[in-house]
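Student: Next up is a structure, given as C-alpha cells.
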Amino acid sequence: MTKNENLHQLNNSSPFDGIRQFDEQGQEYWTARELMPLLGYSRWNEFKPVIERATFACKNTGNDVEMHFSGSTLKSQGRPGQDYKLSRYGGYLTAMNGDPRKPEIAAAQSYFVVKTREAETQTQLKAMTQIQLLAAIAQQLAEQEQHLLQQQQQQTEILHRLKAVEVEQDRVNTPCGHKYSVVGFANLQGLEISVKEAGTKGRKASALCRKQGIEIERIHDPRFGKVGLYPESVLIEVFSTGQN
Numbered sequence: 001m002t003k004n005e006n007l008h009q010l011n012n013s014s015p016f017d018g019i020r021q022f023d024e025q026g027q028e029y030w031t032a033r034e035l036m037p038l039l040g041y042s043r044w045n046e047f048k049p050v051i052e053r054a055t056f057a058c059k060n061t062g063n064d065v066e067m068h069f070s071g072s073t074l075k076s077q078g079r080p081g082q083d084y085k086l087s088r089y090g091g092y093l094t095a096m097n098g099d100p101r102k103p104e105i106a107a108a109q110s111y112f113v114v115k116t117r118e119a120e121t122q123t124q125l126k127a128m129t130q131i132q133l134l135a136a137i138a139q140q141l142a143e144q145e146q147h148l149l150q151q152q153q154q155q156t157e158i159l160h161r162l163k164a165v166e167v168e169q170d171r172v173n174t175p176c177g178h179k180y181s182v183v184g185f186a187n188l189q190g191l192e193i194s195v196k197e198a199g200t201k202g203r204k205a206s207a208l209c210r211k212q213g214i215e216i217e218r219i220h221d222p223r224f225g226k227v228g229l230y231p232e233s234v235l236i237e238v239f240s241t242g243q244n
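Using the UniProt record's numbering, the first residue of the sequence shown is number 1, and each one after it goes up by one.
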C-alpha cells in the first residue's frame, strides 16, 4: 500500500471508505467482492445479477461500461474467480440495483450519492481559476447586499404609507374623542416605531380595550384594510410599559 493510500485509510470513517482503493493514477475504486458483504450479500451467485443490472444501466445511460466496471480476476482457494473494479459511479449503480429491502443497500445508496456530490463540487471548484472564484464570491455578496437593501426599502415604504394614513386618521377622528392608531400616537409623541413594534403595541392596546370593555373603533383603509383606533388613555398605558 502506498503512502497516499495509508493517508486515505487514516481518514476513513465509513466501511465503504475502508474498502476503497486507489490505482497507480490515484483514481479511487472498489472491488465487487469486497463491496458484496457491505450490500448485504453473502454469495457471489446472488450478487452477480446485481452487477449485471448495474452494467446494463451504465450502458443504457451512454457511459463506458469498462471504465466503471473493469473486469479482473482473483484467486479463491487456488482457483481464479470473477471480480470487478468499480468506479464511484459503478458503485453507485450497483447500490441502486440491489435489493431495496436490505438496509445495507440504503446505506450504500446514501454513501455513493454523498461521495458523488462531493466530487462534483470539488471538480467545479478546481475548474475555476482564482479570479473566477473571487468573482463568484463577490457576485454572491453583491446579491446578498442587494436583497438587504430591497428589504430595507420595502420597510421604509410601508412606514411612509402608514404615516400618511395616520395623518388622515387623526384629522377625521380627533373631534370624536382623541382616538389614534398606534403609529399615529407615536407620531404625535415624536417617536419612531417599526412595523413590528406597531403590531405588538396594537395587540396590547386591543387586549386592554377588551379588558376595560372599550369598543375598538376601526376604519377602513384601501391600502391596509381595517385599522384600529384606540383611546389616548389606553395608548399612554401601552407606551409607558416599555418599547414592546
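By construction, the Cβ of each residue, glycine as well, lies at the ideal position given by its N, Cα and C atoms.
1. Looking only at C-alpha atoms, which of Lys-226, Ile-219 and Gly-213 sits nearest to Val-234?
2. Using CA coordinates, which residue listed in Arg-53, His-147, Gly-26 and Val-238 is at the minimum distance from Thr-93?
3. Hey, quick one: how far does the alpha helix (DSSP H) through Tyr-92 stretch, first residue to last?
4. Across the stretch 135 to 144 and the stretch 194 to 203, are there enough close Cβ pairs to call them in contact, namely three or more that are closer than 8 Å?
5. Whole angstroms are fine: how far does the CA of Leu-35 sit from the CA of Phe-22?
6. Roughly how many whole angstroms lie between the Cα atoms of Tyr-41 and Gln-25?
7. Check this for me: beta carbons of Gly-98 and Val-65, under 8 Å apart or not?
8. Buried or exposed: Val-114, going by 16 or more other Cβ atoms within 10 Å of its Cβ?
9. Using only CA atoms, which one of Ala-57, Val-238 and Gln-27 lies nearest to Leu-208?
10. Are the CB atoms of Leu-148 and Ala-95 within a distance shorter than 8 Å?
11. Quick one: what does DSSP say Thr-31 is sitting in, helix, strand or coil?
12. Does DSSP classify Pro-231 as helix, strand or coil?
13. Look up Gly-62 in the DSSP assignment and say whether it is helix, strand or coil.
14. Heavy atom of the ligand MG less than 7 Å from the Cβ of Gln-151, yes or no?
15. At the level of alpha carbons, what is the spacing between Glu-232 and Thr-156?
Tutor: Put simply:
1. The candidate whose alpha carbon is nearest that of Val-234 is Gly-213.
2. Note that residue 93 corresponds to Leu in the displayed sequence, not to Thr. With distances taken between Cα atoms, Leu-93 lies closest to Arg-53.
3. That run of the alpha helix (DSSP H) goes 88 to 96.
4. no
5. 15 Å
6. Tyr-41 and Gln-25 have their alpha carbons spaced roughly 30 Å apart.
7. no
8. exposed
9. Val-238
10. No Cβ-Cβ contact shorter than 8 Å links Ala-95 with Leu-148.
11. strand
12. strand
13. coil
14. Although the ligand MG was asked about, the structure shown includes no ligands whatsoever.
15. 26 Å
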